[in-house]
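So the structure is just underneath, and the comments pick up after that.
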Amino acid sequence: MSKRAGLATAAAAGAPDAGRAPAAGAAVPSDDRALVALAQKGDRAAFRTLFERYHRRAYALAFGVVRNQDDALDVVQDAFIKAHRHLDKFEGQASFYTWLYRIVMNLAIDHLRKHKRQQPVDFTDQAVENAVSEDALLPKIIGGNPGRALMDREIRERISEALDSLSENHRAVLVMRELDGLSYEEMAVVMQCSKGTIMSRLFHARKNMQRQLADLYQGPPPDADGAAPDPEDSPAD
Amino acid sequence: MLAADGEAPATDLGPEARQTTAAVRELGELVRGSLELSADDAEPRLAGLWDLIERRLDVAEAPAAAPVAAPAARPSLGARIWSWLAGHRSHVATGLLSAGAVAGLSMALGPAPTEKVVVKTVTVPAVQPTVMTGSPPEVESMELIGGSGTVFTIGDDDGDGDTAVIWVEPDEVDPTEGI
Amino acid sequence: MNKSMLVIAGALVLGVLVEPPEARADVTCSIVEIEASSGSAPAIDPDLKALEKKFKRPPLSSWNTFKKLGGASLTLAPQQAGAANLVHGKFGLLLRDINERPGKKPRLGLGITIDDTAGKRVVDIKVGVDAGDYVIPARPLPGDKGHLVAVTCK
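Residue numbers (numbering that gives the first Met the number 0), protein chains in the order written: chain S, 0 to 236; chain Y, 0 to 178; chain W, 0 to 153.
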């Protein structure tokens with residue numbers, strides 16, 4: 000997997016939980032808290048450090064939602080401007096990154112709505128909440144190393160197209176979950192909705208992704224001891 | 000799915016549920032990897048993002064434009080000419096050099112005093128001035144804190160250009176913490 | 000020799016007076032702050048004559064009285080920002096870029112911000128506009144009045 004450390008590098012510089020946003024209510028990394036306190040007093044260098052720490056991750060989140068490089072850069076820029084402007088009102092109840100995350104997410108979704116891009120219609124979250132079950136998701140996998148799969152340009156484009164095909168709400172929860180490993184509760188806070196709605200959106204996001212990538216799926220994953228499945232046993236697609 | 004997301008223990012899963020968990024995790028790896036590669040693609044522009052942010056922060060914190068100072072008492076004519084020459088020293092030097100070159104050229108190429116000079120008048124057809132066409136103003140992005148906006152375009156009907164009026168209405172409070 | 004002297008004199012004058020053309024490096028932006036209201040009779044500040052026709056078109060025709068509160072002039076290079084105090088807050092302007100287009104007016108990328116008197120950002124827009132055209136952020140004021148900031152750059 001190329002440059003997986005990239006997104007975590009900036010966070011690893013200070014945050015102890017590299018690659019994962021601090022959970023809501025968990026102890027905020029002390030140097031993040033110190034930086035925020037300095038920035039609140041007008042220390043531009045402290046705010047810049049926060050920017051350097053989180054801008055790549057913020058970009059990946061924004062891009063995951065708006066699916067356009069120019070728009071994602073605008074969202075990130077606007078998010079940090081907004082964060083700086085309202086820094087004096089940040090009370091530290093959530094981590095700085097979770098707070099920033101919410102700003103990025105809100106701006107990204109607002110951006111999509113303002114530009115009125117053609118969006119697939121969401122299923123009614125409440126109506127399908129009861130349909131979430133393990134059986135409804137395919138057990139098949141693409142096979143092999145995901146990192147190696149992404150080096151295949153065609154597969155990378157297919158994944159990008161599959162993400163594009165999701166509705167903004169479905170894509171937002173999938174990106175939050177897979178990019179930063181946010182819990183259902185954390186995502187519910189970010190998106191200002193119930194945990195059940197998050198579960199429903201995540202389920203449908205994955206279901207739609209699997210449907211879009213159906214022809215890439217080869218068969219069941221290796222069994223518990225790592226042995227590759229016998230190709231003769233793979234069900235026909 | 001719950002087990003794959005760490006929202007439920009993975010201890011009591013049957014074989015197919017374990018396979019589903021593995022598939023969900025693999026899909027997650029693919030999505031995460033795809034987004035990280037997208038961030039890599041944007042790296043050159045991300046590198047310049049802080050400069051753009053800093054400029055906007057500077058605008059927000061910049062002091063007001065200084066009021067236009069009243070013009071000082073006019074100096075004497077000689078002082079003004081000297082001041083102008085001092086300010087345009089390079090142009091004066093260029094002009095003198097050009098004059099010398101042109102003088103030399105004119106003496107080398109100019110007609111002999113006894114040669115008859117014929118003046119020809121050539122009428123150049125008037126060049127039609129290019130009509131500078133324009134486009135209406137375009138609002139590329141609009142962030143209205145606690146409000147909504149509407150863009151009206153007043154068309155150009157008498158040659159003075161299009162005008163964008165951005166009407167801002169205050170709105171309810173943003174639910175994000177502290178904002 | 001008389002003709003040569005004339006040529007020398009002409010070249011001297013020409014060489015001194017003609018400055019080398021400079022590449023377009025900056026623009027000058029005019030900012031006019033206006034208070035709009037509805038009075039018993041229409042009235043437009045004489046300093047606002049250039050905008051009179053626009054005041055008669057919607058949405059500005061919602062009012063009939065236009066009073067100039069103040070003005071400022073900013074000369075900006077690309078990627079340069081400037082600011083001006085307003086009676087009703089503070090104005091910020093960023094010249095993002097200049098796009099010279101053959102046969103057309105240059106297109107200017109502007110960033111405009113307005114803070115209210117409490118320091119709260121009420122307008123933050125990025126706009127593309129032809130040189131010489133107007134952008135007018137407008138917002139309500141108490142008493143059914145309007146606050147307009149007319150911006151034009153060339």
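Note that the Cβ used here is the ideal one computed from N, Cα and C, for glycine as well.
Let me know the secondary structure DSSP gives residue i once reduced to three states.
{"i": "GLU35 of chain Y", "result": "helix"}
{"i": "ALA130 of chain S", "result": "Confidence at ALA130 of chain S is low in this model, with a pLDDT of 43, below 50, so the placement of that residue is unreliable and no value is reported for it."}
{"i": "VAL65 of chain S", "result": "helix"}
{"i": "ALA41 of chain Y", "result": "coil"}
{"i": "PHE202 of chain S", "result": "helix"}
{"i": "PRO14 of chain Y", "result": "helix"}
{"i": "LYS115 of chain Y", "result": "Reliability of the predicted coordinates at LYS115 of chain Y is poor, the pLDDT of 42 falling under 50, and no value is obtained from them."}
{"i": "GLU99 of chain W", "result": "coil"}
{"i": "VAL150 of chain Y", "result": "strand"}
{"i": "TYR216 of chain S", "result": "coil"}
{"i": "VAL188 of chain S", "result": "helix"}
{"i": "GLN78 of chain W", "result": "coil"}
{"i": "LEU29 of chain Y", "result": "helix"}
{"i": "SER3 of chain W", "result": "helix"}
{"i": "VAL164 of chain Y", "result": "strand"}
{"i": "PRO21 of chain S", "result": "The predicted position of PRO21 of chain S is uncertain, since its pLDDT is 43 and thus under 50; a value taken from the coordinates is nonetheless stated next. The answer is coil: DSSP assigns PRO21 of chain S none of H, G, I, E or B."}
{"i": "GLY110 of chain W", "result": "strand"}
{"i": "SER61 of chain W", "result": "helix"}
{"i": "GLY118 of chain W", "result": "coil"}
{"i": "PRO174 of chain Y", "result": "Here PRO174 of chain Y scores only 49 on pLDDT, less than 50, and its place in the model is too uncertain to base an answer on."}
{"i": "PHE90 of chain W", "result": "strand"}
Pick out whichever of the options has its Cα sitting closest to the Cα of residue i.
{"i": "TYR216 of chain S", "options": "Y:ALA7, Y:MET0, Y:VAL23 and Y:PRO14", "result": "Y:VAL23"}
{"i": "ILE113 of chain W", "options": "Y:LEU143, Y:ASP39, Y:MET0 and Y:PRO135", "result": "Y:LEU143"}
{"i": "ILE108 of chain S", "options": "S:GLU185, S:HIS169 and S:ASP42", "result": "S:HIS169"}
{"i": "ASP42 of chain W", "options": "W:VAL148, W:ILE30 and W:LYS55", "result": "Before going further, note that residue 42 of chain W is Ala rather than Asp in the sequence given. If we check each option's Cα against that of ALA42 of chain W, W:LYS55 comes out closest."}
{"i": "ASP115 of chain W", "options": "W:ASP123, W:LYS2 and W:LYS89", "result": "W:LYS89"}
{"i": "LEU212 of chain S", "options": "S:GLU156, S:GLU184, S:LYS113 and S:ALA187", "result": "S:GLU156"}
{"i": "THR74 of chain W", "options": "W:LYS66, W:ILE30, W:THR64 and W:LYS67", "result": "W:ILE30"}
{"i": "MET208 of chain S", "options": "Y:ASP4, Y:GLU139, Y:LEU26 and Y:SER134", "result": "Y:LEU26"}
{"i": "VAL167 of chain Y", "options": "W:THR151, W:LYS144 and W:PRO139", "result": "W:PRO139"}
{"i": "VAL150 of chain Y", "options": "W:THR151, W:ALA137, W:PRO141 and W:LYS153", "result": "W:ALA137"}
{"i": "PRO43 of chain Y", "options": "S:ARG55, S:LYS81 and S:ASP214", "result": "S:ARG55"}
{"i": "VAL35 of chain S", "options": "S:ALA82, S:TYR183 and S:VAL65", "result": "S:ALA82"}
{"i": "GLU35 of chain Y", "options": "S:ALA57, S:HIS114 and S:ASP30", "result": "S:ALA57"}
{"i": "ASP87 of chain S", "options": "W:ALA83, W:ASN63, W:GLU99 and W:GLY118", "result": "W:GLY118"}
{"i": "ALA130 of chain W", "options": "W:ASP123, W:LYS103 and W:VAL148", "result": "W:LYS103"}
{"i": "ALA163 of chain Y", "options": "W:ILE124, W:PHE65 and W:PRO105", "result": "W:ILE124"}
{"i": "VAL189 of chain S", "options": "S:GLN76, S:ARG52 and S:PHE95", "result": "S:PHE95"}
{"i": "LEU139 of chain Y", "options": "S:HIS110, S:ILE197 and S:VAL172", "result": "One detail in the question is off: residue 139 of chain Y reads as Glu in this sequence, not Leu. The shortest C-alpha separation from GLU139 of chain Y is found at S:HIS110."}
{"i": "SER156 of chain W", "options": "W:VAL121, W:SER36, W:ALA149 and W:GLU99", "result": "Residue 156 of chain W falls outside the range modelled here, since chain W spans only 0 to 153, and no answer is possible."}
{"i": "SER166 of chain S", "options": "S:PHE202, S:GLN68 and S:ALA78", "result": "S:PHE202"}
Determine the chain S residues that contact residue i at a beta-carbon separation under 8 Å, and present them in chain order.
{"i": "GLY27 of chain Y", "result": "ARG176 and GLU177"}
{"i": "ASP4 of chain Y", "result": "ARG176, SER182, TYR183 and LEU201"}
{"i": "ALA41 of chain Y", "result": "TYR58, PHE62, GLN68, ALA71 and LEU72"}
Interface residues of chain W around residue i at Cβ under 8 Å?
{"i": "SER140 of chain Y", "result": "ILE124 and LYS125"}
{"i": "ARG54 of chain Y", "result": "GLN78, ALA80 and LEU93"}
{"i": "ASP57 of chain Y", "result": "ALA80"}
Mind checking if residue i is an interface residue toward chain B, Cβ cutoff 8 Å exclusive?
{"i": "GLY47 of chain Y", "result": "No chain B is present in this structure, whose protein chains are S, Y and W."}
List the residues of chain Y whose Cβ lies closer than 8 Å to the Cβ of residue i, in chain order.
{"i": "ASP151 of chain S", "result": "The premise fails here: ASP151 of chain S is roughly 11 Å from chain Y at the closest Cβ pair, so nothing lies under 8 Å."}
{"i": "ALA59 of chain S", "result": "LEU34, GLU35, SER37 and ALA38"}
{"i": "ARG155 of chain S", "result": "SER33 and LEU36"}
{"i": "GLY110 of chain W", "result": "ARG55 and VAL58"}
Run down chain Y in chain order and give the residues with a C-beta less than 7 Å from the C-beta of residue i.
{"i": "HIS54 of chain S", "result": "LEU45 and LEU48"}
{"i": "GLY208 of chain S", "result": "Strictly speaking, residue 208 of chain S in this sequence is Met, with Gly absent from that position. What MET208 of chain S touches in chain Y: LEU26."}
{"i": "LYS153 of chain W", "result": "Simply none; closest approach about 11 Å."}
{"i": "ARG47 of chain S", "result": "TRP49"}
Which chain Y residues sit within Cβ distance under 9 Å of residue i?
{"i": "PHE50 of chain S", "result": "LEU48, TRP49 and ILE52"}
{"i": "ARG112 of chain S", "result": "Ordered by position in chain Y, no residue passes the 9 Å Cβ test against ARG112 of chain S, which lies about 12 Å from the chain."}
Using the beta-carbon of each residue, which ones in chain W are nearer than 7 Å to residue i?
{"i": "THR162 of chain Y", "result": "LYS53, ASP132, TYR133 and ILE135"}
{"i": "GLU137 of chain Y", "result": "VAL126 and GLY127"}
**Q.** Any 3 or more C-beta pairs closer than 8 Å across the region 27-34 of chain Y and the region 174-186 of chain S
**A.** yes
Q) Between the region 70-81 of chain S and the region 35-52 of chain Y, do three or more beta carbon pairs fall short of 8 Å? A) yes
**Q.** Within 8 Å of chain Y by C-beta, residues of the region 72-89 of chain S in sequence order
**A.** LEU72, ASP73, VAL75, GLN76, ASP77, PHE79, ILE80, LYS81, HIS83, ARG84, HIS85, LYS88 and PHE89
Q: Taking a Cβ distance cut-off of 8 Å, strictly less, list which residues of the region 112-144 of chain W are near chain Y, in chain order.
A: THR112, ASP114, LYS119, ARG120, VAL121, VAL122, ASP123, ILE124, LYS125, VAL126, GLY127, VAL128, ASP129, GLY131, ASP132, TYR133, VAL134, ILE135, PRO136, ALA137, ARG138 and PRO139
**Q.** Three CB pairs or more closer than 8 Å across the region 34-52 of chain W and the region 103-112 of chain W
**A.** no
Q) What residues from the region 38-71 of chain W come within 9 Å of chain Y, judged by C-beta to C-beta, listed N to C? A) ALA49, LEU50, LYS52, LYS53, ARG56, PRO57, PRO58, LEU59 and ALA71
Q) Hey, is the region 37-54 of chain S in contact with the region 1-19 of chain Y, meaning 3+ C-beta pairs nearer than 8 Å? A) no
Q. Any residues in the region 157-173 of chain S with a beta carbon nearer than 8 Å to a beta carbon of chain Y? Which ones, in chain order?
A. ILE158, SER159, LEU162 and LEU173
(Q) Check whether the region 96-114 of chain S and the region 49-61 of chain S are in contact - that is, three or more C-beta pairs closer than 8 Å. (A) yes
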